[in-house]
Ligand SMILES: Cc1cc2nc3c(=O)[nH]c(=O)nc-3n(C[C@H](O)[C@H](O)[C@H](O)COP(=O)(O)OP(=O)(O)OC[C@H]3O[C@@H](n4cnc5c(N)ncnc54)[C@H](O)[C@@H]3O)c2cc1C
Ligand SMILES: Cc1cc2nc3c(=O)[nH]c(=O)nc-3n(C[C@H](O)[C@H](O)[C@H](O)COP(=O)(O)OP(=O)(O)OC[C@H]3O[C@@H](n4cnc5c(N)ncnc54)[C@H](O)[C@@H]3O)c2cc1C
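Chains as they are written, first to last, in this note's numbering: chain Z, 2 to 250; chain W, 211 to 518.
As C-alpha cells, then:
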C-alpha cells in the first residue's frame, strides 16, 4: 500500500509571533521554522504503517517556497522514501493547497493520504477535508487511532463529546490529532541518508492548478493584551475577592 | 443575503452552540434558515424553530445523516447551497469536519473560526493560536464559515419559525459509523459553562481530578484540562482546552497546576476572570491571571472546597 503524507513548513510552535508594524501580516523574518507538529504525527503514523508491513512506500509532499525542502528532508530522515516539492512563493490558501495535493494524488494514486488536522500558523483545519472532497475520498479527521484493514481503514476520531470510530473504504484521507502517536526524532545517520533520497520539484503551472484565492488578507492586528492581576495570600482572600471585587461567585 | 446554518446536535438535543451561530448570522444580516440533519430529529428541529431570528427550519430526517458523518452532510449542503449566500456552522468538531468539504465541492474558500463580523463579506479570525487576529475579505459567491461560538452572545428563545422537510437523494457508499464512546457527565458543557475549573499535569493523576469535583459541584462548573493532563491519561480528550482542543470563555476560569503554555492560553484567555493556582510563582499562567495563588494545589483545593 502506498501512503502519501502532506507536510507543512510553519513557524516553530515555541516562537512567540509579532505582527508587522504596518499591520499587513505577521512578521516571519528570521524566525525559527519547523515542520507543523501535526504533520510530524502524520509522518510518524506512515512510518509505523511501513514498519508493520502495512505500507510499502511513503511519499512526502509539501507546497511552499524553496526553503520548505528542509521539512521534506526531515520527513525523509524520519522514514519517507521519496519527496515531492510543489514550489511556489505565493500565499497559498487551503483550497489551493488541496487542489495541488489532488493533482499529486492523481499522479501517485496512493491508498491512504495522511495530513495534520490543522496547521498551527493559520489554524484553518481545512486542507484534509478539502482534499477528500476534491478526490471523492471518505475522510477520517482528528484521528487518535488508525487501523488499516483489507480495502478499508477504521479511524477513531477525537470529537467534542468523546471518541467516534468510522470505517472508510480505501483510498481515504486521514488527518491526525495529537494523541495518534508520539513522533520520534530523526537520528543523525538517517539525516545523512535523507540527503540522497529522491526529491522531485514541480510547479503549480505544471500541475495545471491555479493558486488564486477568493480570500484577501486585509490586515493583521495584535489581540488585546491581558494584563496580569494580583497575587492573593490565601484561599480566604481569593474567595473574598471573587465575591466582592470580581463578583463572579 | 440568505444564510443557512447547520444545526449542532448533542445527545439528540439542539446543542447550545447553534444559538451563538444564529447571533453571528444576524450580524451578517438577511434571512436565516437552519438545517437540521439526522435521524429522529424532531426535538432538535422544534428547538431550532424557537431561536430568535430564524425564519425557517429545514429538516432532513434520514438514517444516512445519523452520527453526522461528513460525506453525506456535505453532499446535502451542496444540494441546498444554491439558495444561499452564506453557510455557517459552529466551529465544533462537526462544523470543522463538514464545512471544508462543502467549500471544496463548491470551489470556494472556507473561513474558519470567525470572531467578528465586519461586513457581509469581511470577517475577523484568530491565527497563530490567537496571537494575531486576521481580517479577511471573501469575493467568493458563497461564503462558507465556521463560527467561534464564545465570541457571539447567544440569541434568545421566542421565535416560531416554520419547519419544512427537505428532500434530497443522498447516499454514502464510502464511510460507515462503527461506534462511539461519549463522555457521560451531568456537568454543563465546557463550551457554554459559566465557570470552568481545569487541571493540568500538576494534578499528578486521574484520581486526583476528584479534588476538582467537589468544587465544580458547588460552583456548577464544567471541568477542563490541559493537553499534558489528557496525554498523560488523567482525563479523556474531550476535556482538553486550548488551541487544538476546546475554546472556552466563561465568567470565571480556574487553572490548577497548569503552567500557561501559549497553546493552552489560546483556549481560555478570553475568559472574564482568570484564577491561577500554581506552586511555581514564575509560572507564565500568572501573567494572564487576575488572581494568582501560589502554593500546593493539594492543600489549596480542599481548603477552597470548604470555603465555598
Ligand atoms: C510561501 C507561503 C507564504 C505564506 N505566507 C502566509 C502568511 O504570511 N500569512 C498567512 O496567514 N498565510 C500565509 N500563507 C498561506 C497559508 O500558509 C495557507 O493558508 C496554507 O498553506 C493552507 O493550509 P492551512 O495552514 O490553512 O492548512 P490546515 O488545513 O490548517 O492544515 C492541515 C494540514 O494540511 C496539510 N498542509 C497544509 N498546507 C500545506 C502545504 N503548504 N503543503 C503540504 N501540506 C500542507 C498539512 O498536512 C497540514 O497539517 C503562506 C503560504 C505560503 C506557501
Ligand atoms: C501542536 C501543539 C498543540 C497543543 N495544543 C494544546 C492545547 O490545545 N491545550 C493545551 O493545554 N496544551 C496544548 N499543547 C501543549 C502545551 O504546549 C503544553 O505542553 C501544555 O499545555 C502543558 O500542560 P500543563 O500546563 O498541564 O503542564 P506543565 O507545563 O508541565 O505544567 C504543570 C504545572 O503544574 C504546576 N504544579 C505541579 N505540581 C503542583 C502542585 N502540587 N501544586 C500546584 N502546582 C503544581 C507546575 O508548577 C507547572 O506550572 C500543544 C502543544 C503543541 C505542540
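Even for Gly, the Cβ is constructed at its ideal location relative to N, Cα and C.
Distance cut-off 7 Å: residue i Cβ against heavy atoms of ligand 2
| i | result |
| --- | --- |
| residue 338 of chain W | no |
| residue 473 of chain W | yes |
| residue 295 of chain W | no |
| residue 451 of chain W | yes |
| residue 180 of chain Z | no |
| residue 488 of chain W | yes |
| residue 18 of chain Z | no |
| residue 14 of chain Z | yes |
| residue 438 of chain W | yes |
| residue 38 of chain Z | yes |
| residue 469 of chain W | yes |
| residue 411 of chain W | yes |
| residue 503 of chain W | no |
| residue 506 of chain W | yes |
| residue 356 of chain W | no |
| residue 493 of chain W | yes |
| residue 455 of chain W | yes |
| residue 443 of chain W | no |
| residue 477 of chain W | yes |
Which listed residue (the options) has its alpha carbon closest to that of residue i
| i | options | result |
| --- | --- | --- |
| residue 318 of chain W | Z:212, Z:16, Z:109 | Z:212 |
| residue 97 of chain Z | Z:228, Z:210, Z:244, Z:219 | Z:210 |
| residue 436 of chain W | W:443, W:458, W:409, W:426 | W:409 |
| residue 70 of chain Z | Z:155, Z:198, Z:244 | Z:198 |
| residue 452 of chain W | W:479, W:235, W:291, W:369 | W:479 |
| residue 100 of chain Z | Z:42, Z:132, Z:124 | Z:132 |
| residue 403 of chain W | W:262, W:254, W:429 | W:429 |
| residue 472 of chain W | Z:9, Z:189, Z:3, Z:13 | Z:13 |
| residue 542 of chain W | W:236, W:260, W:283, W:502 | Lying before the first or after the last residue shown, residue 542 of chain W is absent from chain W, which here runs from 211 to 518. |
| residue 444 of chain W | W:418, W:307, W:237, W:324 | W:418 |
| residue 61 of chain Z | Z:3, Z:162, Z:30 | Z:3 |
| residue 164 of chain Z | Z:153, Z:178, Z:30 | Z:178 |
| residue 117 of chain Z | Z:155, Z:47, Z:17, Z:22 | Z:47 |
Span of the beta strand (DSSP E) around residue i
| i | result |
| --- | --- |
| residue 390 of chain W | 385-392 |
| residue 251 of chain Z | Look at the range of chain Z in this structure, 2 to 250, and you will see that residue 251 of chain Z is not part of it. |
| residue 5 of chain Z | 3-7 |
| residue 165 of chain Z | 163-170 |
| residue 333 of chain W | 332-337 |
| residue 150 of chain Z | Note, residue 150 of chain Z: premise wrong, no beta strand (DSSP E); not H, not E. |
| residue 34 of chain Z | 34-36 |
| residue 85 of chain Z | 83-88 |
| residue 320 of chain W | 320-324 |
| residue 307 of chain W | Residue 307 of chain W -> not in any beta strand (DSSP E); alpha helix (DSSP H) instead, spanning 303-315. |
Beta-carbon proximity check, residue i vs residue j, cutoff 8 Å
| i | j | result |
| --- | --- | --- |
| residue 127 of chain Z | residue 320 of chain W | yes |
| residue 352 of chain W | residue 303 of chain W | no |
| residue 169 of chain Z | residue 106 of chain Z | no |
| residue 340 of chain W | residue 227 of chain W | no |
| residue 241 of chain W | residue 268 of chain W | no |
| residue 139 of chain Z | residue 281 of chain W | yes |
| residue 187 of chain Z | residue 75 of chain Z | yes |
| residue 446 of chain W | residue 470 of chain W | no |
| residue 501 of chain W | residue 481 of chain W | no |
| residue 327 of chain W | residue 261 of chain W | no |
| residue 144 of chain Z | residue 181 of chain Z | yes |
| residue 422 of chain W | residue 466 of chain W | yes |
| residue 305 of chain W | residue 392 of chain W | no |
| residue 166 of chain Z | residue 389 of chain W | yes |
| residue 377 of chain W | residue 274 of chain W | no |
| residue 238 of chain W | residue 330 of chain W | yes |
| residue 192 of chain Z | residue 7 of chain Z | no |
| residue 477 of chain W | residue 489 of chain W | no |
| residue 349 of chain W | residue 323 of chain W | no |
| residue 222 of chain Z | residue 32 of chain Z | no |
| residue 371 of chain W | residue 212 of chain W | no |
Minimum Cβ-Cβ distance from residue i to chain B less than 8 Å
| i | result |
| --- | --- |
| residue 307 of chain W | The displayed structure is made up of protein chains Z and W, and chain B is not among them. |
Where the alpha helix (DSSP H) containing residue i begins and where it ends
| i | result |
| --- | --- |
| residue 192 of chain Z | 189-195 |
| residue 514 of chain W | 507-517 |
| residue 230 of chain W | 227-238 |
Residue i: CB within 7 Å of a non-hydrogen atom of ligand 3
| i | result |
| --- | --- |
| residue 122 of chain Z | Judged by which ligands are present, ligand 3 is missing from the structure shown, whose ligands are ligand 1 and ligand 2. |
>> I'd like to know if the segment 146-165 of chain Z and the segment 87-94 of chain Z are in contact, where contact means that at least 3 CB-CB pairs between them fall below 8 Å.
In response: no
> Any contact of the segment 222-238 of chain Z with the segment 283-292 of chain W, i.e. 3+ C-beta pairs under 8 Å?
Replying inline: no
>> Quick check: the segment 457-466 of chain W against the segment 348-366 of chain W, are at least 3 beta-carbon pairs closer than 8 Å?
In response: yes
> When the Cβ atoms of the segment 216-236 of chain W are set against those of the segment 247-266 of chain W, are three or more pairs found closer than 8 Å?
Replying inline: yes
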